[in-house]
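Asks:
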Amino acid sequence: MDALSTLPKNSRPGVLERYAELLPLTPATPRIDLGEGSTPLVRSQRIGPSLGIDDLYFKLESCNPTGSFKDRGMVVAVAKAVEDGAKAVLCASTGNTSASAAAYAAHCGLDAYVLLPKIGIAGGKLAQSIAYGARIVAIEGTFDDALRLAREYCARHPVALVNSVNPHRIQGQKTAAFELVDALGDAPDYLFIPVGNAGNITAYWAGFKQYAERGFARTTPRMMGFQAEGAAPIVLGHIVEDPQTVASAIRIGNPASWQSAIAARDESAGAIDSVTDAEILDAYARLAREEGIFCEPASAASLAGLIKTAAARPDLRGATCVCIITGNGLKDPDTAATFKTTQTDVPARLDAIESALGL
Ligand code: F0G
Numbered sequence: 000m001d002a003l004s005t006l007p008k009n010s011r012p013g014v015l016e017r018y019a020e021l022l023p024l025t026p027a028t029p030r031i032d033l034g035e036g037s038t039p040l041v042r043s044q045r046i047g048p049s050l051g052i053d054d055l056y057f058k059l060e061s062c063n064p065t066g067s068f069k070d071r072g073m074v075v076a077v078a079k080a081v082e083d084g085a086k087a088v089l090c091a092s093t094g095n096t097s098a099s100a101a102a103y104a105a106h107c108g109l110d111a112y113v114l115l116p117k118i119g120i121a122g123g124k125l126a127q128s129i130a131y132g133a134r135i136v137a138i139e140g141t142f143d144d145a146l147r148l149a150r151e152y153c154a155r156h157p158v159a160l161v162n163s164v165n166p167h168r169i170q171g172q173k174t175a176a177f178e179l180v181d182a183l184g185d186a187p188d189y190l191f192i193p194v195g196n197a198g199n200i201t202a203y204w205a206g207f208k209q210y211a212e213r214g215f216a217r218t219t220p221r222m223m224g225f226q227a228e229g230a231a232p233i234v235l236g237h238i239v240e241d242p243q244t245v246a247s248a249i250r251i252g253n254p255a256s257w258q259s260a261i262a263a264r265d266e267s268a269g270a271i272d273s274v275t276d277a278e279i280l281d282a283y284a285r286l287a288r289e290e291g292i293f294c295e296p297a298s299a300a301s302l303a304g305l306i307k308t309a310a311a312r313p314d315l316r317g318a319t320c321v322c323i324i325t326g327n328g329l330k331d332p333d334t335a336a337t338f339k340t341t342q343t344d345v346p347a348r349l350d351a352i353e354s355a356l357g358l
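Letter by letter, the sequence shown follows residues 0 to 358 of numbering that gives the first Met the number 0.
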């Protein structure tokens with residue numbers, strides 16, 4: 000054994016190493032690893048019990064290297080792009096896909112081009128794309144416009160498209176379903192998940208089905224997807240031209256994986272429903288204050304959906320439920336800042352602190 004081979008590898012295996020046999024890898028696929036995947040599954044301390052649901056868990060995809068679930072799919076998409084000889088990657092994004100693409104491109108020495116709607120990208124996400132050195136093009140239009148143009152651009156130029164229309168993205172993202180089964184011993188009864196472009200619900204369902212087919216899980220969950228009320232094309236059954244919601248990550252009016260999201264819903268006997276911005280913000284605040292989980296608003300759509308469903312379906316009480324926490328709250332500090340602050344300004348004296356805290 001030479002000295003190099005005894006050096007420690009990354010402290011825990013990334014998605015490509017952990018699930019190599021279940022991913023479309025070849026010997027020529029570079030085994031890149033920024034520490035994505037293997038995210039925590041945290042049991043609810045207060046919200047579950049308050050709803051009468053003893054087995055409620057949060058899957059913290061916000062703990063991925065760029066702070067969202069996108070890294071699981073991006074590591075596969077970028078590895079395959081490198082394998083195919085690409086020199087650059089491109090995506091349209093509401094902010095998280097672009098942050099992830101930019102990070103993995105930087106890791107591999109590729110150029111990253113990101114098409115963002117000019118209005119409504121959360122500040123932390125934009126900061127990430129800037130920091131990772133992506134070339135940013137801000138479009139006067141929606142995410143749906145940006146995705147259409149991204150597809151057209153990549154059809155004409157030698158640049159790899161790394162949106163979830165790239166099947167490698169879905170392949171990587173399905174590994175979160177594997178992790179849930181690995182952690183719980185079987186699939187949960189219900190999976191609550193935000194829906195935007197609908198790639199993630201598609202990926203989880205593919206993962207659960209694959210694990211069941213291989214005999215690693217006995218069951219599959221009901222897939223419970225939630226769109227924001229002002230951006231709910233799947234619920235309404237038609238494209239939304241001007242989607243609006245505080246949850247900027249899922250401000251999408253024409254999801255690319257629309258049909259596969261419907262298939263996931265129907266094959267799993269699940270549902271795709273909408274939640275209001277008020278319900279999203281209530282769930283967002285409760286996650287932070289009652290569980291210690293600071294997520295971005297879009298992520299809270301999963302818990303908002305659970306709260307809405309629990310009111311109508313008492314059978315949730317005995318069920319194992321998982322809410323996917325898709326992105327980190329630090330990405331969108333402006334939304335947190337809209338909450339009433341508990342800050343008091345005082346001079347630097349103990350008595351002033353004592354009187355401010357009222358103790
Ligand atoms: N949650 C977060 C934090 C997201 O960033 C997204 C999508 C979703 C949920 C919805 O997932 O699109 O697979 O249904 N963000 C994309 C982006 C659109 O560009 O970052 P989906």
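C-beta atoms are modelled at their ideal positions from N, C-alpha and C, and glycine is treated no differently.
With a threshold of 6 Å on Cβ separation, who are the neighbours of residue 293 within its own chain once the five nearest residues in sequence on each side are excluded?
Replies: What you label residue 293 is simply residue 294 of the sequence shown in a count that begins at 1. Result list for residue 293: 287, 328, in chain order.
Asks: Leaving aside the five residues before and after residue 56 along the sequence, list all residues of the same chain whose C-beta is less than 6 Å from its C-beta, in chain order.
Replies: Your numbering for residue 56 matches position 57 in the sequence shown. Excluding residues within five positions, the ones whose Cβ falls inside 6 Å are 40, 42, 321.
Asks: Between 340, 342, 311, 89, which has its C-alpha nearest residue 51's C-alpha?
Replies: The residue labelled residue 51 in the question sits at position 52 within the sequence shown. Among 340, 342, 311, 89, the Cα nearest to that of residue 51 belongs to 311.
Asks: Near residue 278, which residues of its chain fall below 6 Å by C-beta distance, leaving aside the five closest residues on each side in sequence?
Replies: By 1-based counting over the sequence shown, the position of residue 278 is 279. Same-chain partners within the cutoff: 303.
Asks: Could you give the first and the last residue of the continuous alpha helix (DSSP H) run that contains residue 302?
Replies: Mapped onto the sequence shown, residue 302 falls at position 303. Unbroken alpha helix (DSSP H) run through residue 302: 296 to 311.
Asks: Can you have a look at residue 230 and say buried or exposed, based on whether 16 or more other CB atoms are within 10 angstroms of its CB?
Replies: Counted from its first residue, the sequence shown places residue 230 at position 231. Buried.
Asks: Who does residue 58 pair with in a DSSP beta bridge?
Replies: Counting from 1 along the sequence shown, the entry for residue 58 is found at position 59. The partner list for residue 58 (beta bridge, DSSP) reads 40, 323.
Asks: Pick helix, strand or coil for residue 170, following the three-state DSSP scheme.
Replies: In the sequence shown, counting from the first residue as 1, residue 170 sits at position 171. Residue state, collapsed to three classes: helix.
Asks: One question on the structure: do residue 171 and residue 245 come within less than 8 Å of each other, judged by their Cβ atoms?
Replies: Position 172 of the sequence shown holds residue 171. Position 246 of the sequence shown holds residue 245. No, the pair does not count as a contact, with Cβ atoms beyond the cut-off.
Asks: Verify the contact flag: residue 233, CB atom, against every heavy atom of ligand 1, threshold strictly below 7 Å.
Replies: Here residue 233 corresponds to residue number 234 of the sequence shown, with the count starting at 1. Incorrect: residue 233 has no Cβ contact closer than 7 Å to ligand 1.
Asks: Less than 8 Å between the C-beta atoms of residue 175 and residue 266, yes or no?
Replies: Taking the sequence shown and counting its residues from 1, the one referred to as residue 175 is at position 176. Taking the sequence shown and counting its residues from 1, the one referred to as residue 266 is at position 267. For residue 175 and residue 266, no; Cβs fall outside 8 Å.
Asks: From residue 134 to residue 34, what distance separates their C-alpha atoms?
Replies: As a working note, residue 134 is residue 135 in the sequence shown. As a working note, residue 34 is residue 35 in the sequence shown. Going by the C-alpha atoms only, they are around 24 Å apart.
Asks: May I have the straight-line CA-CA distance separating residue 37 from residue 87, to the nearest angstrom?
Replies: The count along the sequence shown starts at 1 and reaches residue 37 at position 38. The count along the sequence shown starts at 1 and reaches residue 87 at position 88. Looking at the two C-alpha atoms, the distance is approximately 28 Å.
Asks: Please confirm whether residue 317 and residue 260 have their CB atoms less than 8 Å apart.
Replies: Against the sequence shown, residue 317 aligns to sequence position 318. Against the sequence shown, residue 260 aligns to sequence position 261. In this structure, residue 260 does not lie closer than 8 Å to residue 317 by Cβ.
Asks: Look up residue 384 in the DSSP assignment and say whether it is helix, strand or coil.
Replies: Residue 384 cannot be examined here, being either before or after the span of the chain that is shown, 0 to 358.
Asks: Here's the rule I'm using: 16 or more other beta-carbon atoms within 10 Å means buried, otherwise exposed. How should residue 354 be labelled?
Replies: Here residue 354 corresponds to residue number 355 of the sequence shown, with the count starting at 1. It is exposed - the Cβ of residue 354 has fewer than 16 other Cβ atoms within 10 Å.
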